[in-house]
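See structure below.
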Amino acid sequence: MRATPADRTQTTSTIYLICALAWFLPGAGHVWLGRRQKGIVFLIAITLMFAFGLWLQGRLFPFEISQPLVALMAVADIGVGLPYFVARTAGIGAGEVVAITYEYGNTFIIAAGLLNMLVVLDAFDIAKGRK
Amino acid sequence: MVIFSLFVSVVFAVLTRDEPMEQIKFGARLFGGFVGAGILMGWLLYPLPL
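This is the structure we're talking about:
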């Protein structure tokens with residue numbers, strides 16, 4: 236892909252703003268940096284993956300320090316950004332433990348959050364001028 | 161498993177490659193690897209008791 240004017244190195248505050256935006260809305264950081272096609276693919280793929288997880292009766296885990304694994308899963312869930320808060324607000328994501336697809340749903344939701352974290356790191360590298 | 165592999169392959173391919181043709185090739189290879197490894201693991205675990 237050809238270098239665009241947005242590929243130039245950003246100031247530190249702008250970099251953090253880009254990372255925050257990239258986390259909040261999957262792919263938004265790449266769109267900001269002029270990599271629109273990548274950003275749109277991330278937005279569609281990660282949001283769909285998260286929605287698929289919810290549809291499969293996956294659960295949005297609460298942040299409980301007393302249960303370290305649950306807390307880690309909650310961190311991964313929050314990694315997806317805006318879709319997480321929309322689902323929480325809408326009361327979706329209670330999870331149906333007895334559903335046969337429950338664990339599959341959890342896997343989709345957690346993987347979507349972790350993939351978005353990778354996308355944020357990629358946006359950080361681009362903003363730093365490393366890519 | 162196939163749908164999961166598809167989503168992960170798409171994101172990884174777009175993340176790690178810049179040219180569209182390279183993204184398609186790498187994504188297809190990744191997708192095939194995920195599905196193939198899943199099937200292989202399934203058969204390897206098949207004889208084991210639950």
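Protein chains in written order, with this note's numbering: chain L, 236 to 366; chain V, 161 to 210.
Just so you know, even glycine gets a beta-carbon here, dropped at the ideal spot from N, CA and C.
Source: prediction; values computed, not measured.
Contacting residues, own chain, Cβ-Cβ under 6 Å from residue i (five flanking each side not counted)
| i | result |
| --- | --- |
| S165/V | F191, F194, V195 |
| G264/L | I253, L256, A257, A358 |
| K273/L | H265 |
| A188/V | none |
Minimum Cβ-Cβ distance from residue i to chain V less than 7 Å
| i | result |
| --- | --- |
| M236/L | Low local confidence applies: a pLDDT of 49 at M236/L is under 50, so the model's placement there is unreliable, and no value is given. |
| F363/L | Reading the sequence as shown, one finds Lys at residue 363/L and not Phe. Answer no: the Cβ-Cβ gap between K363/L and chain V never drops below 7 Å. |
| V276/L | yes |
Neighbourhood of residue i by C-beta distance below 7 Å, restricted to the same chain and skipping five residues each side
| i | result |
| --- | --- |
| V162/V | V195 |
| I317/L | The sequence shown places Leu at residue 317/L, not Ile. The residues are F259, L260. |
Spatial distance of residue i from residue j (CA atoms)
| i | j | result |
| --- | --- | --- |
| A358/L | F172/V | 14 Å |
| L205/V | I199/V | 10 Å |
| M181/V | I279/L | 20 Å |
| F439/L | D312/L | No answer is possible for residue 439/L: the residues shown for chain L start at 236 and end at 366. |
CB contact check: residue i to chain L, cutoff 7 Å
| i | result |
| --- | --- |
| L210/V | no |
| L190/V | no |
| V171/V | yes |
| L205/V | no |
| L200/V | no |
| F194/V | no |
Beta carbon of residue i nearer than 7 Å to that of residue j
| i | j | result |
| --- | --- | --- |
| I275/L | L350/L | no |
From the options, residue whose alpha carbon lies closest to that of residue i
| i | options | result |
| --- | --- | --- |
| G269/L | V170/V, P207/V, Q183/V, D178/V | D178/V |
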